[in-house]
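Beneath this line is the structure, given in structure tokens, with notes to follow.
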Amino acid sequence: MRYINTSNFDHQQSDKIGILLTNLGTPDEPTPKALKRYLKQFLSDPRVVEVPRLLWWLILNGVILQFRPRRSAKAYATVFTEQGSPLLFHTQAQRDAVAAQLQQDGLNDVVVEFAMRYGNPSFDSVLDKMFAQGVRKLIVLPLYPQYSASTSASTFDELARNFMRRRWLPDLRFVSHYPDYAPFISAAADKIRSHWQQHGQADKLILSYHGIPKRYLLNGDPYHCECYKTSRLIAEQLGLNKDQYMTTFQSRFGREEWLKPYTDETLKALPKQGVSSVQIFCPGFSADCLETIEEIGEENKEYFLHAGGQRYEYISALNAEPQHIAALCQLIKDNLHGWSATNDNQRAQRAGELNSAKYGD
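Sequential numbering of the sequence shown, starting at 1, is according to the UniProt record's numbering.
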């Protein structure tokens, strides 16, 4: 096996602490070719689709990748801007804001980067860059507040795959979830409260999360429970009773049963139950993307209004808003406890030990 080495390595290089923010990923551009490349990587992940590999390979390559890329490209074209993909530029803005805040807080030996589980920037390219800068301790923070094997665990898989091929491994801390982290809950609640102050409160607040197949829950995945916990904590901060909010799940794929209630079916049914106005917030999405902008902001709005609803408002994700950045920075600092970058004396000692070994002193 050929291991990944650090080019032009210098034992006297300053050691640094790395902070790697990660998110799901996005195609490079809204074209069928780019979507096919992205979807193949995404849907080939056994954490995402738990189906026997040979059967799924035939379905994916023989059916899905022949038709879905063109349809998905049309959807992505509606959300791409001059800055590119929303998920990409929002995550980059989060990285920039976190780096600036940590530096302002006096953490000068910290390198902050972001990578996408699928697509670009890739784990391999970003980790190469970080380790070349002297990162010897690494905190990985997937921007998924609620844990799921299909997101958080898949991120760890990709990290482990990279580390298996490296010569020198860093000390590692992996933040697998933060569904009840108080600063995050406060940021979400304040975001909703701020929207109410500008637009008033609707009949019902819907907290919509990305769905997963129900059998993942039955097999022990905690995602369903963590989503409900996040919803309950947000509702408590807002002073809502159980009739004023509900938790739903969106973005299902395929024919099997997924976590319920489904967001789209809920919105079609609510007007018949006397609910004329709704506001939707997605606490599982740290940044706006296709699933929030197009699916929640447009497609589900049509379902609700067509069913007789009168007022529908999507409350945008936390993105790089100051309170969200403060929450992420505090989460990072909590996980930095006891860590510091190697000081100059330690580096000099390490270099001296290298020279002694080299020359036999």
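The C-beta atom is built at its ideal place from N, Cα and C for all residues, glycine as well.
> Nearest CA to the CA of Ser-340: which residue from Pro-69, Ile-139 and Leu-39?
Replying inline: Numbered from its first residue, the sequence shown carries residue 340 at position 340. When Pro-69, Ile-139 and Leu-39 are compared, the shortest CA-CA separation from Ser-340 is found for Ile-139.
>> Could you compute how far the alpha carbon of Tyr-359 sits from the alpha carbon of Gln-12?
In response: Here the question's residue 359 lines up with position 359 in the sequence shown. Here the question's residue 12 lines up with position 12 in the sequence shown. Per-residue confidence for Tyr-359 stands at a pLDDT of 47, beneath the threshold of 50, marking its modelled position as unreliable; the derived number appears in the next sentence. Computed Cα separation, rounded: 17 Å.
>> According to DSSP, Ser-277 sits in a beta bridge with which residue or residues?
In response: On the sequence shown, position 277 is the one that residue 277 refers to. Partner(s): Arg-311.
>> So Tyr-245 and Gln-146 are supposed to be a Cβ contact under 8 Å. How far apart are they, rounded?
In response: Position 245 of the sequence shown, counting from 1, holds the residue named residue 245. Position 146 of the sequence shown, counting from 1, holds the residue named residue 146. No, Tyr-245 and Gln-146 are not in contact; Cβ-Cβ is about 17 Å, not under 8 Å.
> I think Ala-187 touches Leu-318, with their Cβ atoms under 8 Å apart; what is that distance to the nearest whole Å?
Replying inline: The count along the sequence shown starts at 1 and reaches residue 187 at position 187. The count along the sequence shown starts at 1 and reaches residue 318 at position 318. About 6 Å; that satisfies the 8 Å criterion.
> Mind checking whether the beta-carbon of Gln-101 lies closer than 7 Å to any heavy atom of the ligand HEM?
Replying inline: Although the ligand HEM was asked about, the structure shown includes no ligands whatsoever.
> So, helix, strand or coil for Trp-62, using DSSP?
Replying inline: The residue you call residue 62 lines up with position 62 of the sequence shown. The sequence shown places Gly at residue 62, rather than the Trp named in the question. In the structure shown, Gly-62 sits in a helix (DSSP, three-state: H, G or I).
>> Relative to the C-alpha of Thr-26, which candidate in Ala-99, Asp-180, Ser-72 and Leu-20 has its C-alpha closest?
In response: Residue 26 sits at position 26 when you count from the first residue of the sequence shown. Comparing Cα positions, the closest option is Ser-72.
> Is Val-48 buried or exposed, if buried means 16 or more other CB atoms sit within 10 Å of its CB?
Replying inline: Along the sequence shown, one-based indexing puts residue 48 at 48. Flag for Val-48 reads buried.
> When we look at the beta-carbon of Asn-219 and count the other beta-carbons within 10 Å, is it buried (16 or more) or exposed?
Replying inline: One-based indexing of the sequence shown puts residue 219 at position 219. Looking at its Cβ environment, which holds fewer than 16 other Cβ atoms inside 10 Å, Asn-219 is exposed.
>> Just list the residues that DSSP pairs Lys-204 with in beta bridges.
In response: Taking the first residue of the sequence shown as 1, we reach residue 204 at position 204. According to DSSP, Lys-204 bridges with Val-278.
> Skipping 5 residues on each side, what residues in its chain have a beta carbon closer than 8 Å to that of Leu-331?
Replying inline: Along the sequence shown, read from residue 1 onward, the residue named residue 331 stands at position 331. Taking Leu-331 as the centre and dropping the five residues before and after it, the same chain places the C-beta of Leu-141, Val-175, Tyr-178, Tyr-181, Pro-183 and Phe-184 closer than 8 Å to its C-beta, in chain order.
> Once you ignore the five residues that flank Val-79 on each side, which residues in its own chain have a CB closer than 7 Å to its CB?
Replying inline: If you number the sequence shown from 1, residue 79 lands on position 79. Around Val-79: Pro-86, Leu-290, Ile-293 and Glu-294.
> Quick one: Cα of Leu-102 to Cα of Leu-143, how far?
Replying inline: Here residue 102 refers to the residue found at position 102 when the sequence shown is read from its first residue. Here residue 143 refers to the residue found at position 143 when the sequence shown is read from its first residue. In a straight line, the C-alpha of Leu-102 is about 17 Å away from that of Leu-143.
> If you check the beta carbons only, do Leu-207 and Thr-247 fall under 8 Å apart?
Replying inline: Counting from 1 along the sequence shown, the entry for residue 207 is found at position 207. Counting from 1 along the sequence shown, the entry for residue 247 is found at position 247. Their beta carbons are under 8 Å apart, which means Leu-207 touches Thr-247 by this criterion.
>> Quick check: what's the CA-CA separation for Leu-54 versus Asn-61?
In response: Sequence index remark: in the sequence shown, residue 54 carries index 54 (1-based). Sequence index remark: in the sequence shown, residue 61 carries index 61 (1-based). Those two C-alpha atoms are separated by around 11 Å.
> Measuring CA to CA, which of Asp-109, Arg-161 and Asn-162 is closest to Lys-137?
Replying inline: The sequence position of residue 137 within the sequence shown is 137, counting from 1. Cα-wise, what sits closest to Lys-137 is Asp-109.
> Contact check, residue 368 vs Val-112 under 8 Å by CB: the rounded distance?
Replying inline: A question about residue 368 goes unanswered here, because the residues of the chain that appear run from 1 up to 361.
> In the DSSP assignment, what are the bridge partners of Glu-113?
Replying inline: Position 113 of the sequence shown, counting from 1, holds the residue named residue 113. DSSP, once it has assigned bridges, lists Leu-20 as partnering Glu-113.
>> Measuring CB atoms only, is the segment 305–317 touching the segment 230–238, in the sense that at least three cross pairs come out at less than 8 Å?
In response: No, the segment 305–317 is not in contact with the segment 230–238.
> Under a CB-based cut-off of 8 Å, is Tyr-245 close to chain D?
Replying inline: Included in the structure is just one protein chain, with no chain D present.
> Are the beta-carbon atoms of Leu-205 and Phe-281 separated by less than 8 Å?
Replying inline: For the purposes of this step, residue 205 is identified with residue 205 of the sequence shown, where counting begins at 1. For the purposes of this step, residue 281 is identified with residue 281 of the sequence shown, where counting begins at 1. Closer than 8 Å, so yes.
> So Gln-94 packs on Ala-320, CB below 8 Å; how close in whole Å?
Replying inline: Here residue 94 is taken as the residue at index 94 of the sequence shown, counted from 1. Here residue 320 is taken as the residue at index 320 of the sequence shown, counted from 1. Between Ala-320 and Gln-94 the Cβ distance is about 5 Å, and since that is below 8 Å, they are a contact.
>> Report the CB separation of Ser-148 from Tyr-262 in whole angstroms; it is logged as a contact under 8 Å.
In response: Counting from 1 along the sequence shown, the entry for residue 148 is found at position 148. Counting from 1 along the sequence shown, the entry for residue 262 is found at position 262. In fact, because the Cβ distance is near 17 Å, the residues do not count as touching under 8 Å.
>> Short of 7 Å in beta carbon distance, which residues of its chain neighbour Ala-115, apart from the five on each side in sequence? Order them along the chain.
In response: As a position in the sequence shown, residue 115 is number 115, starting the count at 1. Taken in chain order, the residues that qualify are Leu-20, Thr-22, Pro-121, Ser-122, Phe-123 and Val-126.
> Which residue comes first and which comes last in the alpha helix (DSSP H) that contains Asp-157?
Replying inline: Locating residue 157 in the sequence shown gives position 157, where the first residue counts as 1. Asp-157 -> alpha helix (DSSP H) spans 154–163.
>> Only counting the same chain, and skipping five residues up and downstream in sequence, which positions put a Cβ closer than 6 Å to that of residue 395?
In response: Because the chain spans 1 through 361 in this model, residue 395 falls outside it and cannot be assessed.
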